[in-house]
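Peer 1: Take this structure first; my questions come after.
Residue numbers (this note's numbering): 182 to 368.
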(Lines of atoms letter the chains of each structure in order from A and count residues from 1; the text may use other names and numbers.)
(Lines give C-alpha, C1' and ligand atoms only; values in the text may rest on other atoms or scores of the structure.)
Protein backbone atom coordinates (compact mmCIF):
# COMPACT_ATOMS: atom_id res chain seq x y z
CA UNK A 1 0.00 0.00 0.00
CA UNK A 2 1.42 3.39 -0.92
CA UNK A 3 2.04 6.11 1.62
CA UNK A 4 -0.73 8.22 0.12
CA UNK A 5 -3.21 5.33 0.26
CA UNK A 6 -2.25 4.65 3.86
CA UNK A 7 -2.71 8.31 4.77
CA UNK A 8 -6.14 8.37 3.08
CA UNK A 9 -7.22 5.24 4.99
CA UNK A 10 -6.09 6.77 8.28
CA UNK A 11 -7.92 10.02 7.50
CA UNK A 12 -11.08 8.08 6.67
CA UNK A 13 -10.85 6.16 9.96
CA UNK A 14 -10.48 9.43 11.87
CA UNK A 15 -13.54 10.88 10.12
CA UNK A 16 -15.54 7.72 10.92
CA UNK A 17 -14.44 7.81 14.57
CA UNK A 18 -15.44 11.48 14.88
CA UNK A 19 -18.86 10.73 13.36
CA UNK A 20 -19.32 7.74 15.68
CA UNK A 21 -18.51 10.01 18.62
CA UNK A 22 -21.17 12.51 17.49
CA UNK A 23 -23.69 9.64 17.30
CA UNK A 24 -22.75 8.59 20.85
CA UNK A 25 -23.02 12.21 22.05
CA UNK A 26 -26.44 12.54 20.41
CA UNK A 27 -27.81 9.57 22.37
CA UNK A 28 -26.11 10.59 25.59
CA UNK A 29 -26.95 14.31 25.58
CA UNK A 30 -29.45 15.24 22.86
CA UNK A 31 -31.86 12.35 22.40
CA UNK A 32 -35.23 13.23 23.85
CA UNK A 33 -38.02 10.77 23.18
CA UNK A 34 -40.57 13.34 24.35
CA UNK A 35 -39.66 15.40 21.25
CA UNK A 36 -39.56 12.82 18.46
CA UNK A 37 -39.50 15.31 15.60
CA UNK A 38 -36.42 17.05 17.00
CA UNK A 39 -34.66 13.72 17.57
CA UNK A 40 -35.36 12.63 13.99
CA UNK A 41 -34.26 16.00 12.60
CA UNK A 42 -31.01 15.91 14.58
CA UNK A 43 -30.25 12.34 13.50
CA UNK A 44 -31.05 13.20 9.88
CA UNK A 45 -28.52 16.01 10.16
CA UNK A 46 -25.87 13.55 11.33
CA UNK A 47 -26.83 11.07 8.62
CA UNK A 48 -26.48 13.83 5.98
CA UNK A 49 -22.75 13.99 6.81
CA UNK A 50 -22.33 10.53 5.30
CA UNK A 51 -22.52 9.53 1.62
CA UNK A 52 -25.99 8.64 0.33
CA UNK A 53 -26.83 5.01 1.06
CA UNK A 54 -24.10 4.68 3.71
CA UNK A 55 -24.85 1.51 5.69
CA UNK A 56 -23.86 2.98 9.08
CA UNK A 57 -26.02 6.04 8.47
CA UNK A 58 -29.01 3.89 7.48
CA UNK A 59 -28.53 1.81 10.63
CA UNK A 60 -28.34 4.87 12.90
CA UNK A 61 -31.40 6.46 11.32
CA UNK A 62 -33.27 3.19 11.79
CA UNK A 63 -32.10 3.16 15.38
CA UNK A 64 -33.54 6.56 16.17
CA UNK A 65 -36.92 5.60 14.71
CA UNK A 66 -36.77 2.34 16.67
CA UNK A 67 -35.86 4.16 19.91
CA UNK A 68 -38.86 6.40 19.42
CA UNK A 69 -41.21 3.43 19.02
CA UNK A 70 -41.64 4.04 15.30
CA UNK A 71 -40.87 0.45 14.31
CA UNK A 72 -42.48 0.48 10.83
CA UNK A 73 -40.12 3.31 9.82
CA UNK A 74 -37.08 1.54 11.33
CA UNK A 75 -37.52 -1.83 9.59
CA UNK A 76 -36.76 -0.77 5.99
CA UNK A 77 -33.76 1.26 7.17
CA UNK A 78 -32.33 -1.72 9.06
CA UNK A 79 -32.91 -3.95 6.02
CA UNK A 80 -31.21 -1.41 3.74
CA UNK A 81 -28.24 -1.21 6.10
CA UNK A 82 -27.89 -5.00 5.93
CA UNK A 83 -28.21 -5.05 2.14
CA UNK A 84 -25.66 -2.25 1.80
CA UNK A 85 -23.06 -4.25 3.70
CA UNK A 86 -23.01 -2.94 7.24
CA UNK A 87 -19.72 -3.80 8.96
CA UNK A 88 -18.17 -3.94 12.41
CA UNK A 89 -20.09 -3.74 15.66
CA UNK A 90 -23.13 -2.33 13.89
CA UNK A 91 -23.33 -5.45 11.71
CA UNK A 92 -23.93 -7.53 14.83
CA UNK A 93 -26.28 -5.02 16.43
CA UNK A 94 -28.48 -4.70 13.32
CA UNK A 95 -29.56 -8.35 13.59
CA UNK A 96 -30.57 -7.89 17.21
CA UNK A 97 -32.32 -4.56 16.65
CA UNK A 98 -34.13 -5.62 13.47
CA UNK A 99 -35.27 -8.90 15.05
CA UNK A 100 -36.47 -7.11 18.18
CA UNK A 101 -38.36 -4.61 16.06
CA UNK A 102 -39.91 -7.36 13.95
CA UNK A 103 -41.09 -9.09 17.15
CA UNK A 104 -42.60 -5.81 18.32
CA UNK A 105 -44.70 -5.56 15.14
CA UNK A 106 -45.88 -9.17 15.37
CA UNK A 107 -43.31 -10.81 13.09
CA UNK A 108 -41.85 -13.14 15.71
CA UNK A 109 -41.28 -16.02 13.26
CA UNK A 110 -39.01 -13.87 11.11
CA UNK A 111 -37.26 -12.60 14.24
CA UNK A 112 -36.55 -16.18 15.36
CA UNK A 113 -35.19 -17.13 11.94
CA UNK A 114 -33.01 -14.05 11.80
CA UNK A 115 -31.57 -14.49 15.29
CA UNK A 116 -30.94 -18.20 14.82
CA UNK A 117 -29.02 -17.44 11.61
CA UNK A 118 -27.26 -14.30 12.91
CA UNK A 119 -23.49 -14.46 13.12
CA UNK A 120 -22.16 -15.12 16.61
CA UNK A 121 -20.33 -12.26 18.25
CA UNK A 122 -18.79 -12.78 21.66
CA UNK A 123 -19.84 -9.65 23.54
CA UNK A 124 -23.29 -9.35 21.95
CA UNK A 125 -24.03 -13.08 22.09
CA UNK A 126 -25.92 -12.91 25.42
CA UNK A 127 -28.07 -10.11 23.95
CA UNK A 128 -28.74 -12.19 20.83
CA UNK A 129 -29.80 -15.11 23.03
CA UNK A 130 -32.05 -12.86 25.17
CA UNK A 131 -33.83 -11.44 22.13
CA UNK A 132 -34.10 -14.92 20.64
CA UNK A 133 -35.81 -16.05 23.86
CA UNK A 134 -38.27 -13.16 23.55
CA UNK A 135 -38.97 -13.98 19.90
CA UNK A 136 -39.45 -17.68 20.68
CA UNK A 137 -41.90 -16.67 23.40
CA UNK A 138 -43.69 -14.45 20.89
CA UNK A 139 -44.13 -17.57 18.74
CA UNK A 140 -45.63 -19.46 21.67
CA UNK A 141 -42.51 -21.63 21.94
CA UNK A 142 -42.24 -21.20 25.70
CA UNK A 143 -40.08 -24.24 26.42
CA UNK A 144 -37.60 -23.22 23.72
CA UNK A 145 -37.64 -19.64 24.99
CA UNK A 146 -36.93 -20.66 28.56
CA UNK A 147 -34.22 -23.10 27.44
CA UNK A 148 -32.51 -20.39 25.40
CA UNK A 149 -32.63 -17.93 28.30
CA UNK A 150 -31.34 -20.48 30.82
CA UNK A 151 -28.49 -21.65 28.60
CA UNK A 152 -27.48 -18.04 27.96
CA UNK A 153 -27.38 -17.52 31.72
CA UNK A 154 -25.28 -20.62 32.52
CA UNK A 155 -21.84 -19.13 31.62
CA UNK A 156 -22.41 -16.25 34.05
CA UNK A 157 -22.96 -18.52 37.05
CA UNK A 158 -20.41 -19.52 39.66
CA UNK A 159 -22.21 -22.76 40.52
CA UNK A 160 -25.18 -24.86 39.43
CA UNK A 161 -24.03 -24.86 35.78
CA UNK A 162 -24.40 -28.62 35.31
CA UNK A 163 -27.78 -28.72 37.03
CA UNK A 164 -29.15 -25.80 35.06
CA UNK A 165 -27.95 -27.29 31.75
CA UNK A 166 -29.68 -30.55 32.68
CA UNK A 167 -32.94 -28.84 33.55
CA UNK A 168 -32.79 -26.77 30.37
CA UNK A 169 -32.29 -29.91 28.30
CA UNK A 170 -35.35 -31.50 29.93
CA UNK A 171 -37.67 -28.66 28.88
CA UNK A 172 -40.11 -29.69 26.18
CA UNK A 173 -39.55 -28.30 22.74
CA UNK A 174 -42.66 -26.66 21.38
CA UNK A 175 -41.82 -27.19 17.72
CA UNK A 176 -43.33 -30.38 16.33
CA UNK A 177 -40.66 -32.86 15.39
CA UNK A 178 -37.76 -30.84 16.74
CA UNK A 179 -35.32 -31.73 19.42
CA UNK A 180 -34.02 -29.38 22.08
CA UNK A 181 -31.46 -27.03 20.64
CA UNK A 182 -28.33 -26.51 22.68
CA UNK A 183 -27.12 -22.94 22.67
CA UNK A 184 -23.70 -22.52 21.05
CA UNK A 185 -22.96 -20.03 23.83
CA UNK A 186 -22.58 -22.85 26.36
CA UNK A 187 -19.17 -24.55 26.28
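C-beta: ideal position from N, C-alpha, C; glycine also.
(1) Can you list, in chain order, the residues of its chain whose CB lies under 8 Å from that of residue 348, leaving out five sequence neighbours each side?
(2) Does residue 290 come out as helix, strand or coil in the three-state DSSP assignment?
(3) For the alpha helix (DSSP H) that residue 336 lies in, which residues bound it at each end?
(4) Assign residue 353 to buried or exposed, taking buried as 16 or more other Cβ atoms, counted over all protein chains shown, within 10 Å of its Cβ.
(5) Could you check what DSSP says for residue 387 in three-state terms: helix, strand or coil?
(6) What is the rounded straight-line gap between the Cα of residue 218 and the Cα of residue 293?
(7) Exposed or buried, residue 270, counting other C-beta atoms within 10 Å across all chains shown (16 or more means buried)?
(8) Quick check on residue 369: does DSSP put it in helix, strand or coil?
(9) CA-CA distance, residue 266 and residue 236?
(10) Does the contact criterion of 3 or more C-beta pairs under 8 Å hold for the stretch 225-243 versus the stretch 194-214?
(11) In chain order, what residues of the same chain lie with their CB nearer than 7 Å to the CB of residue 335, ignoring the 5 residues before and after it?
(12) Give the secondary structure of residue 266 by DSSP, where H, G and I count as helix, E and B as strand, and everything else as coil.
(13) For the alpha helix (DSSP H) containing residue 348, list its first residue and its last residue.
Peer 2: Reading off the structure:
(1) 331
(2) helix
(3) Element bounds for residue 336: n/a, residue is neither H nor E.
(4) exposed
(5) Not covered by the structure: residue 387. The range shown for the chain is 182 to 368.
(6) 32 Å
(7) exposed
(8) Beyond the ends of the chain as shown, which are 182 and 368, falls residue 369; an answer cannot be given.
(9) 6 Å
(10) yes
(11) 342, 345, 346, 367
(12) coil
(13) 342-351
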